[in-house]
Every structure is written in structure tokens, then in C-alpha cells.
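Single-structure report; data block below.
In the working numbering, the protein residues as written are 129 to 399.
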């Protein structure tokens, strides 16, 4: 197949990650909801001014993560944050709720008017920091249908970072991606071993050649290596945009601007 598929109707879209502050009730939570929303909105505006195409919010500071579900306070908080981020930026916006809280992410996306979710454990299973994450596609798509959220796209991680895949070692990343497509995922995400680590460019090429849905790179992209990932349909970038290249830090406007300059140059070359 190996043809370009626009994600959200955007050619070679760049999605900026907003790692929202630790939410109320989590072990590291110390800020009020008003402060959390304000910080997320500020990062959204920085991304917009730098020229990014879309945003995604994630509760990455809620360490240690729950497995497969979160409380209603987290779902509600993420819905509120997502709605404010999208309104302030005017950009398409997605959501991930860790770890593998895909139903809650769909509910928050619907309530917040968001465009997509990032789903862990969509097909097959893996062993994550939190324990075994099992395939959820059948349940998740039925839930999406039941709440009237079929317009919310589901992007499925395949052979996800921060996980061991020994239990599916006889199933390669290409077959995993094909399974996600067969189970009606709206796109697949390929990552490196952990946050900020580079993905295998040849794996991305192989996945891209095997499926007809958008293929996104989910970690490790910088202005120095972006060209080797430009055969993907979209790039999700977080760590590289943060001050000193550390995911826990605020977004650095200059780093985002430098990256987008490199992307625009490549878009012109590949037009």
C-alpha cells in the first residue's frame, strides 16, 4: 500500500503533546484544577503559535498509573482540560488516559468535544509497568457506538513503548498493525522503547506498506531526525518540545519553532 494517508485531513500532521499536571487525587497532585487548566491552555497557545497542526493531552504526571481504568474524577478533569485546550488553540485535539483507560478517554473525548483518543492494548496483549494490558477493541468499539462517539477516532499503539512483548513474540509489528486495521482502528502508532526514544524507521516503513490507515510515529522525533520519519502520515512529539528535552518540563517555544521550521522545509521538498 505504502501511500500517504492524511491524518485529520492534514498532510504530515505534527501533534504536540500536553502532559497535564498531576490531577487531583493522584499521589503527585498538588495544583488546583484552575491551575492545571491554565498551564495546559498556555502550552496549547505556545504550540499554536509555533505552527503545530494538532494537540493531544495526557495525564502522564499521574504516576503511578492505574491499570485499565481510572476514577470519575480523572475522566471529568481530562474532559474539562481537553475542552479548554481545544477552545483556546482552535486545533484538533486528542486524549490519552493512562494506563489503558480507553473507555474513560472516549467518554472524556465526547464530553470535551475532542477528535481522537490514543488507545493502549487495542489488539493482542502486553505486559506494561502496571501489569498485563489485554486487547480491548471489541469492547471499546461497542462502547463508542453506544455513547454516540463514532466520530471520535481511535489511534491504536502497536508493540507499545514501556512494555514487554514476550507473550506475543511470535507476532510481529506488521501483523499487529494489520490486526488493528482489521478491528477497525482509525490509525496505528509506532514508538520506540520508551518516552523520547526513537522508533525504528524501517519498522514504520513496513507497517506503512502493510496497512491503509494512517501510521503515526509516537516517540523520539526531533528536528535532527525528522526526515527519516517523513514517510509516516503524522508525528506525535512531546519530549523534544520540552525545556532541555525533558518530558516533565514546560513546552519550550523556541524548540517547537525550530522543529516546525524543519517540517515546513520537508513539506516543501516533498510537495
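All residues carry an ideal CB built from backbone N, CA and C; glycine is no exception.
- residue 281 vs residue 304 beta-carbon contact at 9 Å: no
- Roughly how many angstroms separate the alpha carbons of residue 279 and residue 244, rounded to a whole number? 8 Å
- Query: In this structure, what does DSSP give as the bridge partners for residue 393?
  - Reply: DSSP output for residue 393 lists no bridge partner at all.
- Note down, one range per segment and in chain order, each alpha helix (DSSP H) of at least 4 residues found wholly within the region 198-226. If we require 4 residues or more, the alpha helix (DSSP H) runs fully inside the region 198-226 come out as 200-217.
- Message: What does the Cβ neighbour count give for residue 382, buried or exposed, with the cut at 16 atoms within 10 Å?
- Response: exposed
- Message: Rounded to whole angstroms, what is the Cα-Cα separation between residue 277 and residue 239?
- Response: Answer to the nearest angstrom: the Cα atoms are 10 Å apart.
- Look up residue 177 in the DSSP assignment and say whether it is helix, strand or coil. Here residue 177 carries a helix assignment [DSSP, helix/strand/coil].
- Query: Which one or two residues does DSSP pair with residue 344 in a beta bridge?
  - Reply: Paired residue(s): 317 and 362.
- Query: Cβ atoms of residue 364 and residue 145: under 9 Å apart, would you say?
  - Reply: yes
- Item | Simplified DSSP state of residue 145, which is helix, strand or coil | Strand.
- Item | Assigned secondary structure, residue 159 (DSSP; H/G/I helix, E/B strand, else coil) | Correct three-state label for residue 159: coil.
- Item | Buried versus exposed, by CB contacts within 10 Å (16 or more), residue 163 | exposed
- Limits of the unbroken beta strand (DSSP E) element including residue 186: 182-186
- Query: Between the C-alpha atoms of residue 338 and residue 301, what's the straight-line distance to the nearest angstrom?
  - Reply: 10 Å
- Entirely within the region 271-298 and at least 3 residues each: give me those beta strand (DSSP E) ranges in chain order. 281-285
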